[in-house]
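Numbering (the numbering used here), first residue to last: 55 to 342.
See below:
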């Protein structure tokens with residue numbers, strides 16, 4: 055799993071990782087980054103942070119003095135440009151080159167550029183499975199295995215106890231603005247539960263597991279979700295049970311649960327994730 059993907063929940067952290075990755079190896083950065091963000095968790099903390107401590111933490115990467123200067127400059131730019139939304143907004147930022155812009159395009163914007171110059175990002179994209187292909191295949195299974203039903207006057211195909219599996223090699227494509235807001239709101243809504251689950255694993259390393267429970271429709275009780283997180287063999291395993299869902303919502307579900315898994319990957323506990331989502335019932339609109 056690429057480290058830019060691990061930190062895609064936090065745009066500033068992803069930018070810092072790009073500086074760490076420049077002329078260094080990903081495996082080393084994966085060990086250094088969690089230690090760095092333990093001490094410096096925000097752009098402001100880097101700007102005001104102890105330069106000697108920063109240098110000491112990232113020393114294994116080499117070129118530490120140069121990296122620290124770039125981190126401070128880019129962090130200050132980031133704070134002064136809070137409306138950074140797409141990779142185009144990075145043009146002219148201090149120390150930002152093709153690698154950082156390509157990383158932002160792929161892992162933040164979720165858009166694959168026509169030309170990718172970095173060989174590692176290019177390899178990731180070439181080997182990735184598109185989320186739309188997985189959803190299309192799963193939807194076909196629902197239509198083949200489901201039964202005709204009418205819900206609130208509308209015709210549906212409904213299937214019982216069906217599941218979909220997502221690995222970290224799945225490229226989750228860009229959501230439209232409304233759906234992206236839905237996922238962001240959902241992550242904010244369950245943010246405290248995610249933080250509590252992270253702390254449980256952090257302070258109870260023997261069990262290395264935690265549970266997140268919430269309702270998919272906010273405070274409504276008609277769509278409960280239980281996400282069981284565990285760490286096994288350098289992998290985040292997320293087992294999700296959701297009472298019901300519509301096929302049209304799958305893209306948002308996949309993005310939400312992948313972002314939850316990435317939150318745990320940030321701490322260096324695992325290098326990959328596997329997500330199994332099981333729906334009590336799944337339905338799709340029926341087109342005669």
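Heads up, the beta-carbon is just placed ideally off N, CA and C, and yes, glycines get one too.
Counting only runs of at least 4 residues, the region 131-215 fully encloses the following alpha helix (DSSP H) elements, listed from N- to C-terminal order: 152-161, 173-181 and 185-199. Contact between residue 155 and residue 65 does not hold, since their C-beta atoms are separated by about 13 Å, which reaches or exceeds 8 Å. The region 264-332 is shown to contain whole beta strand (DSSP E) runs of 3 or more residues at 278-286 and 289-300, in chain order. For residue 157, same chain residues with a beta-carbon under 6 Å away, outside a window of 5 residues either side, are 58 and 72 in chain order.
In terms of CA proximity to residue 255, 290 leads the group 290, 109 and 86. DSSP places residue 89 in the helix class (H, G or I) of the three-state scheme. Spanning the alpha carbons of residue 296 and residue 266 requires a straight line of approximately 12 Å.
Shown here, residue 245 sits in a helix according to DSSP, grouped into three states. The beta carbon of residue 82 sits closer than 8 Å to the beta carbons of 114 and 115 from its chain, once the five residues preceding and following it are set aside; these are given in chain order. The beta carbon of residue 178 is closer than 7 Å to those of 56 in its chain, skipping five residues each way along the sequence. Closest by C-alpha distance to residue 334, out of 242, 299 and 308, is 299. Boundaries of the alpha helix (DSSP H) around residue 65: 65-75. Annotated as proximal: residue 325 and residue 288, with beta-carbon spacing under 7 Å.
Distance check between residue 126 and each of 96, 142 and 216 places 96 closest, using alpha-carbon atoms only.
Taking C-alpha positions only, residue 149 is separated from residue 79 by approximately 19 Å.
The Cβ atoms of residue 308 and residue 226 lie closer than 7 Å to each other.
Distance from residue 331 to residue 218 at the Cβ level is roughly 5 Å; contact confirmed, criterion being Cβ atoms closer than 8 Å. Counting along the chain, residue 60 sits inside the alpha helix (DSSP H) bounded by residues 57-60.
Contact between residue 281 and residue 224 fails: their C-beta atoms lie close to 17 Å from each other, not under 8 Å.
When secondary structure is reduced to three states using DSSP, residue 339 falls in the strand class. Here residue 219 carries a strand assignment [DSSP, helix/strand/coil].
With 16 or more neighbouring CB atoms inside 10 Å of its own CB, residue 222 falls in the buried class. Annotation for residue 85: 322 place their beta carbon closer than 7 Å to its own, counting only its chain and skipping 5 residues before and after. Excluding the 5 residues flanking it on each side, residue 214 has same chain C-beta neighbours closer than 6 Å at 335, in chain order.
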